[in-house]
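One structure below.
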Amino acid sequence: MTTSPIPFSSSPPAVAWIGLFRAEDQPVAKEMLDEMLLVSRDSFAQEMRELVLHRKLDGSGPIGLYAERELPKRFGRPHPLFKQSRTKVKRAFGVGPQPVCPTRAYDPEVGSEGLVAQLITELCREFPKDFLNHPSPDAIRKQKVRRFILVTDFIGSGQRAWTYLEAAWRVKSVASWNSLRKGGQKLIRFEVVAYSSTPAGQKRVEKHPCTPAVHVVKACPTIDTVFTSDDIRQQVRSLCIRYDPVDHDLTESLGYKGSGALIAFAHGAPNNSPRVLHKRSRHWTPLFPARVTAGTNAHFVKEEDADAIAKRLERMRQRRLAAGNWLNEANEEVRSLILVLAFLGRGPRGDEAVSCKTGLTVLEVRRMVSNAFNLGWIDKQRHLTDYGQAELALARKNKTKKTPLSVEPEEPYYPTSLRAPRRVSS
Numbered sequence: 001m002t003t004s005p006i007p008f009s010s011s012p013p014a015v016a017w018i019g020l021f022r023a024e025d026q027p028v029a030k031e032m033l034d035e036m037l038l039v040s041r042d043s044f045a046q047e048m049r050e051l052v053l054h055r056k057l058d059g060s061g062p063i064g065l066y067a068e069r070e071l072p073k074r075f076g077r078p079h080p081l082f083k084q085s086r087t088k089v090k091r092a093f094g095v096g097p098q099p100v101c102p103t104r105a106y107d108p109e110v111g112s113e114g115l116v117a118q119l120i121t122e123l124c125r126e127f128p129k130d131f132l133n134h135p136s137p138d139a140i141r142k143q144k145v146r147r148f149i150l151v152t153d154f155i156g157s158g159q160r161a162w163t164y165l166e167a168a169w170r171v172k173s174v175a176s177w178n179s180l181r182k183g184g185q186k187l188i189r190f191e192v193v194a195y196s197s198t199p200a201g202q203k204r205v206e207k208h209p210c211t212p213a214v215h216v217v218k219a220c221p222t223i224d225t226v227f228t229s230d231d232i233r234q235q236v237r238s239l240c241i242r243y244d245p246v247d248h249d250l251t252e253s254l255g256y257k258g259s260g261a262l263i264a265f266a267h268g269a270p271n272n273s274p275r276v277l278h279k280r281s282r283h284w285t286p287l288f289p290a291r292v293t294a295g296t297n298a299h300f301v302k303e304e305d306a307d308a309i310a311k312r313l314e315r316m317r318q319r320r321l322a323a324g325n326w327l328n329e330a331n332e333e334v335r336s337l338i339l340v341l342a343f344l345g346r347g348p349r350g351d352e353a354v355s356c357k358t359g360l361t362v363l364e365v366r367r368m369v370s371n372a373f374n375l376g377w378i379d380k381q382r383h384l385t386d387y388g389q390a391e392l393a394l395a396r397k398n399k400t401k402k403t404p405l406s407v408e409p410e411e412p413y414y415p416t417s418l419r420a421p422r423r424v425s426s
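Residues in the sequence shown are numbered consecutively from 1, following this note's numbering.
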């Protein structure tokens, strides 16, 4: 019999860190850790791969993949991504950008772009007709590349992704390709694929003149978006400011530009997360020292069992649903379906919002929404129908030993005929 993984907030490193807070603040610190998105190395590689492959289905023609990284600048502007001729009509030429290249000789540190570059290399080797690895201008022309996809692990403030797109946009040939149309579509389209993004960062990137479409694996929980209670939200903000080991700044204490991103990867934590998590002082030992997660990432496990789903439902204030016997009777697919249904009944209905609260990937959310619609549980606007309300009401019946959601692990069961809906109270 397998045991359920312990929550990250109950792991030895997290318990030791929570112990640094005063007794009255420890429950708030634990609440913050419970809402964090913790991404293991395997989850990052697998789910990023799935998203890039999913993007391949949207259109024809080869795709150019580029790993986001810091670029050299002059007078605050990035150097053009490709070389250009000095003629009146400028033409891009030369090689494509290096996937990994430190901008400062005295700081040869390689960040997440190393992992992203490896992912790109593997995809290009496996699907050489579909993906090109940092193609040059000549390769774009010769192979008729129709999409420029920037790949990154995380969009925090959006500054670095915006800068990379700007470097490409400064190349006259690239801007020209984007403005030209063939068959009603742009000659080349821009996209950004990231594991996660803050809402503010995504908006900034989408406002770039090349009008990129941004796609994420999972929405990033932030202090402003993940807590359903205003009281808890303010308590977490206050905690991060009061315990900030730097200077208790009302904005920067929450992370770069006040992002308040509650996320950490196995390869590191972003500077957009609260400084109390990664900054050190004489009186403070961070959970992720210098944004390094090597000492804690062994506890970054994906929680998908009944207990994990129940805890998510409780944090969504769905206590009766969390106590229902259906959790132990249903398989993973049905648990996810009911979890999404429960959130649609109370919260925002966008893909990213549902992903943020349920912990599912955006692609999983879309699949669950499609299933719920086909079952007649939600309408086109994702509002719960009477049938959907009735299913949740049945799942809330704690004493029910067998529900329509009881399924065999091998073949998920979805009811094809439902009883007449009745008025229920939540």
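For every residue, glycine included, the Cβ atom is placed at its ideal position computed from N, Cα and C. Here the structure is a predicted model, which is why all the values come from computation and not from measurement.
Taking residue i as the reference, which of the options has the closest Cα?
i    : options                : result
V144 : P135, V151, A167       : Checking the sequence, you will find Lys at residue 144 rather than Val. With distances taken between Cα atoms, K144 lies closest to P135.
L375 : E24, R320, Y195, A390  : A390
N297 : A264, G324, E329       : A264
R91  : K207, F82, P27         : F82
A168 : G64, Q381, T358        : G64
K397 : Q381, G324, A372       : G324
G76  : G61, K129, Q159, V89   : Q159
N429 : V171, R346, I309, L344 : Any answer about residue 429 is impossible in this case: the structure gives the chain only from 1 up to 426.
V171 : P270, P97, K279, E70   : P97
A194 : P128, V216, A266       : V216
P270 : G114, R282, P72, T293  : T293
K56  : Q118, R280, K129, T121 : K129
G59  : F148, K142, G114       : F148
Which value, in whole angstroms, describes the spacing of the CA atoms of residue i and residue j?
i    : j    : result
F227 : F8   : 18 Å
Q84  : P12  : 55 Å
R204 : A353 : 18 Å
Y106 : P289 : Low confidence applies to Y106: its pLDDT is 44, below 50, so where it sits in the model is not reliable enough to give any reading.
C356 : G268 : 20 Å
Q318 : A342 : 8 Å
K30  : I18  : 7 Å
L405 : R22  : Note that L405 scores a pLDDT of 48, beneath 50, so its modelled location is shaky and nothing firm can be said.
I155 : F300 : 20 Å
V39  : V214 : 20 Å
A395 : D379 : 20 Å
V15  : I6   : 12 Å
R41  : L250 : 33 Å
N371 : L337 : 8 Å
V95  : I223 : 42 Å
F373 : S197 : 27 Å
E333 : L360 : 11 Å
A175 : E50  : 29 Å
T225 : Q234 : 12 Å
E70  : Q46  : 24 Å
D247 : S273 : 16 Å
A322 : R181 : 52 Å
F127 : P137 : 20 Å
L327 : D231 : 29 Å
K207 : P199 : 13 Å
G114 : V365 : 29 Å
S10  : R282 : 25 Å
Leaving out five residues before and five after residue i in sequence, what residues of the same chain have Cβ atoms less than 8 Å from its Cβ?
i    : result
V276 : L239, C240, Y243, D244, P245, S253, W284, P286
W377 : L341, L384, T385, Y387, G388, E391
W177 : I140, K186, L187, I188
L313 : R319, L321, A322, L339, A342
K142 : none
Near residue i, what residues of its chain come up, given a Cβ to Cβ distance below 6 Å and the 5 sequence neighbours on each side ignored?
i   : result
L20 : none
Given a cut-off of 9 Å, decide if residue j and residue i are closer than it, judged by their beta-carbon atoms.
i    : j    : result
L150 : L165 : yes
A435 : T163 : This structure cannot speak to residue 435, because the chain is shown only from 1 to 426.
S259 : G201 : yes
R315 : D25  : no
L339 : M32  : no
R335 : E303 : no
M48  : V100 : no
E191 : P212 : yes
G61  : R146 : yes
A161 : V362 : no
S157 : K257 : yes
K73  : H79  : yes
P221 : L37  : yes
F44  : A266 : yes
Quick one: what's residue i bridged to in DSSP?
i    : result
V174 : BP columns for V174 are empty, so no partner.
E191 : I149, A213
K73  : P78
W377 : None; W377 has no bridge partner.
K83  : F93
V369 : Partner(s): none; V369 has no beta bridge.
R242 : According to DSSP, R242 bridges with nothing at all.
Output needed for residue i: all residues of its chain with C-beta closer than 7 Å, excluding positions within five of it in sequence on either side, in chain order.
i    : result
V28  : Q235, V236, L239
R382 : L344, R349, V369
G347 : A353, K357
G295 : P13
Comparing the CB of residue i with every heavy atom of the ligand GTP, is any distance shorter than 8 Å?
i    : result
N271 : As presented, the structure is devoid of all ligands, the ligand GTP included, so that no description of it is given.
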